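Novice: Mind having a look at this structure? Questions to follow.
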Amino acid sequence: MFPENSDCCNSQNPKKLLLPITSANMFSQSCIDINYEEEAEEEDSENLFYRKLSYRTWSAEEQHGEKRIPYTPEKTLNCKKIPVEETSSARISRHSSGRKMINEYVKERKISRGSYGKVALYRSISSGTPYAIKAVCKSRLSKLRISSTESAMTNVLREVSILKTLEHENVVNLIEVIDDQRSDYLYMVLEYVGGSPISSIFETKPRIDDTTARRYFRDVVAGLVYLHSHNIVHGDIKPENLLLTTSGRVKIGDFSVSHTFENGKDELWQCPGTPAFTAPECCSGTAYSGKAADTWAAGVTLYFMLVGSCPFLGDSLPETYDKIVHSPLELPEDLDPELKDLVQSLLCKDPLQRISLNSVAEHPWMVKDDGPVPVRNLCSCG
1 MFPENSDCCN
11 SQNPKKLLLP
21 ITSANMFSQS
31 CIDINYEEEA
41 EEEDSENLFY
51 RKLSYRTWSA
61 EEQHGEKRIP
71 YTPEKTLNCK
81 KIPVEETSSA
91 RISRHSSGRK
101 MINEYVKERK
111 ISRGSYGKVA
121 LYRSISSGTP
131 YAIKAVCKSR
141 LSKLRISSTE
151 SAMTNVLREV
161 SILKTLEHEN
171 VVNLIEVIDD
181 QRSDYLYMVL
191 EYVGGSPISS
201 IFETKPRIDD
211 TTARRYFRDV
221 VAGLVYLHSH
231 NIVHGDIKPE
241 NLLLTTSGRV
251 KIGDFSVSHT
261 FENGKDELWQ
271 CPGTPAFTAP
281 ECCSGTAYSG
291 KAADTWAAGV
301 TLYFMLVGSC
311 PFLGDSLPET
321 YDKIVHSPLE
331 LPEDLDPELK
341 DLVQSLLCKD
351 PLQRISLNSV
361 AEHPWMVKDD
371 GPVPVRNLCS
381 CG
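Using this note's numbering, you'd call the opening residue of the sequence shown number 1 and step up by one each time.
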């Protein structure tokens with residue numbers, strides 16, 4: 001959709017917004033100028049799963065010259081104790097109750113719909129275990145260009161390849177991938193997180209108390225340190241992508257714009273995340289550190305939990321980016337001094353001076369209740 005070295009935050013050529021940026025919709029705004037059309041095929045038409053078996057395998061030519069990304073990156077640390085199941089055959093049917101089935105999974109209800117696909121709650125008839133299944137339309141996403149060389153389907157395949165390597169208590173777990181080459185749909189079977197996104201809390205509360213925010217943020221930091229230690233940049237940390245379990249643990253989800261890196265070189269050009277959570281350096285049109293940008297987004301998330309709004313939010317996309325780059329950070333006067341220091345350190349506009357996540361894990365405000373965040377020896381995969 002734009003070249004790798006383009007400035008997607010350039011106010012001279014702003015990306016078109018579907019809605020004005022407000023506190024009500026800031027989580028759904030995207031820096032990528034994608035046509036968020038409704039999926040052409042709903043459940044009934046999805047039952048035409050094999051459609052004369054004409055879909056075949058996805059050749060490079062059928063993907064507009066785009067090579068398919070292998071599910072498992074060659075040089076990525078892999079700490080999966082149980083490998084992700086890869087299923088190449090899918091059967092759409094009806095349960096005796098009349099509910100839709102995908103292989104052994106019976107649909108119970110819809111969970112959400114995003115720009116890349118829809119997520120629904122399914123239950124295994126063999127084990128009774130609930131799962132969240134994300135369905136994406138391959139032909140539609142292959143036509144949505146996110147750069148001169150990649151489509152939205154590239155992001156989906158990259159998301160699968162990343163999740164296949166991860167296993168951590170603060171990261172959503174991928175269980176199975178159903179990718180039948182005769183089908184226009186790819187299904188990701190994910191662990192079902194019984195709670196709601198952190199963003200849903202603000203539907204009934206103006207803010208989150210300091211103690212609860214600390215507990216949530218400790219999980220976010222632990223998950224992010226784990227990802228970065230495995231050479232992964234999340235790229236879209238925000239309350240909507242932080243899922244709460246029924247016990248109150250936070251799990252990081254939605255890796256649809258994530259990237260892997262090697263040899264500590266986490267430089268990125270694109271800024272496909274959510275504008276209100278975008279770091280200032282992402283607006284310069286030059287390469288930036290993906291890890292530092294994740295840290296900034298985590299800081300905006302902490303600020304949002306504490307205040308109930310984003311620190312730099314305009315009425316339009318250009319105004320939002322202008323505030324991110326130029327406006328000073330304003331904090332409530334009654335904020336705990338140690339907490340104020342942490343937020344200021346996270347939202348330092350200079351990425352070279354911004355606090356590291358390992359230092360965040362040991363910050364005085366973070367260790368008040370339970371000591372330093374456990375970020376060392378996160379796994380034994382290395």
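We put the beta carbon where it would ideally sit given N, CA and C, even for glycine. These numbers come from a predicted model, not from an experiment.
Based on Cα-Cα distance, which residue from Asp315, Pro275, Gly314 lies nearest to Trp296?
Specialist: Considering only alpha carbons, the answer is Pro275.
Novice: Quick one: is Glu85 buried, meaning 16 or more other Cβ sit within 10 Å of its Cβ, or exposed?
Specialist: When all chains shown are included, Glu85 counts as exposed.
Novice: For a minimum of 4 consecutive residues, which ranges assigned as the alpha helix (DSSP H) are wholly contained in the segment 281–365?
Specialist: Whole alpha helix (DSSP H) segments, 4+ residues: 290–307, 317–326, 337–346, 357–361.
Novice: Where does Ser151 land, buried or exposed, given buried means 16+ other C-beta within 10 angstroms?
Specialist: Per the 10 Å Cβ criterion, buried.
Novice: Cutting at 6 Å between CB atoms, please list the residues of its own chain near Ser112, excluding the five before and the five after it.
Specialist: Counting only Cβ-Cβ distances below 6 Å, and skipping sequence neighbours, we find Val119.
Novice: Are the beta-carbon atoms of Thr301 and Ile237 separated by less than 7 Å?
Specialist: Taking 7 Å as the Cβ cut-off, Thr301 and Ile237 qualify as a contacting pair.
Novice: By the DSSP assignment, the beta strand (DSSP E) with Val156 in it spans what residues?
Specialist: Counting along the chain, Val156 falls outside any beta strand (DSSP E), though it belongs to the alpha helix (DSSP H) covering 152–163.
Novice: Are Asn173 and Glu191 touching if we call contact CB-CB under 7 Å?
Specialist: Yes, the pair counts as a contact, with Cβ atoms nearer than the cut-off.
Novice: Once DSSP output is grouped into helix, strand and coil, what is the label at Val193?
Specialist: Residue state, collapsed to three classes: coil.
Novice: My output table needs one value for Tyr116: the three-state DSSP class, helix, strand or coil.
Specialist: If DSSP states are grouped into helix, strand and coil, Tyr116 belongs with coil.
Novice: From what residue to what residue does the alpha helix (DSSP H) around Thr383 run?
Specialist: Not covered by the structure: residue 383. The range shown for the chain is 1 to 382.
Novice: If you compare alpha carbons, which of Leu242, Phe202, Arg218 is closest to Lys362?
Specialist: Going by the sequence as given, residue 362 is Glu instead of Lys. Here the closest residue by C-alpha is Arg218.
Novice: State the beta-bridge partners of Thr186 as determined by DSSP.
Specialist: A small correction: the amino acid at residue 186 is Leu; Thr does not occupy that position in the sequence shown. Leu186 is bridged to Val136, Asp179.
Novice: List the endpoints of the continuous beta strand (DSSP E) containing Arg94.
Specialist: That run of the beta strand (DSSP E) goes 92–94.
Novice: What does the alpha-carbon distance come out to for the pair Ile92 and Pro318?
Specialist: When rounded, the distance between both Cα atoms is 45 Å.
Novice: Is Glu86 helix, strand or coil when you go by DSSP?
Specialist: In the structure shown, Glu86 sits in a strand (DSSP, three-state: E or B).
Novice: Using the three-state DSSP reduction, which class does Ile198 fall into: helix, strand or coil?
Specialist: Looking at Ile198 - three-state DSSP - the assignment turns out to be helix.
Novice: Identify the residues that DSSP records as bridge partners of Pro130: which are they?
Specialist: DSSP lists Arg123 as partners of Pro130.
Novice: Just confirm the distance between the C-beta atoms of Leu121 and Arg109, as a whole number of angstroms; I'd bet it's less than 8 Å.
Specialist: Confirmed, about 5 Å.
Novice: Over what stretch of residues does the beta strand (DSSP E) that includes Leu242 continue unbroken?
Specialist: Here the beta strand (DSSP E) through Leu242 covers 242–244.
Novice: In terms of residue numbering, what span does the alpha helix (DSSP H) encompassing Val221 cover?
Specialist: 210–229 is the extent of the alpha helix (DSSP H) around Val221.
Novice: Considering only C-alpha positions, which residue in the set His95, Phe277, Gly195, Arg145 is nearest to Pro311?
Specialist: The shortest C-alpha separation from Pro311 is found at Phe277.
Novice: Could you give the distance in angstroms between the alpha-carbon of Val220 and the alpha-carbon of Gly308?
Specialist: Going by the C-alpha atoms only, they are around 18 Å apart.
Novice: What's the gap between the Cα of Asn155 and the Cα of Ile201?
Specialist: For Asn155 and Ile201, the distance between alpha carbons rounds to 29 Å.
Novice: Taking the C-alpha atoms as reference points, what is the distance between Ile232 and Ser97?
Specialist: One C-alpha to the other measures close to 42 Å.
Novice: Mapping the DSSP letters down to three states, classify Leu141 as helix, strand or coil.
Specialist: In the structure shown, Leu141 sits in a helix (DSSP, three-state: H, G or I).
Novice: Grab me the residues of Lys80's own chain with a C-beta within less than 6 Å of its C-beta, minus the 5 sequence neighbours each way, in chain order.
Specialist: So the qualifying residues of the chain are Glu167.
Novice: Which residue comes first and which comes last in the beta strand (DSSP E) that contains Ile102?
Specialist: Element bounds for Ile102: 100–102.
Novice: Is Ser23 helix, strand or coil when you go by DSSP?
Specialist: With a pLDDT of only 46 at Ser23, under the threshold of 50, the placement of this residue in the model should not be trusted; the figure read from the coordinates follows. Residue state, collapsed to three classes: coil.
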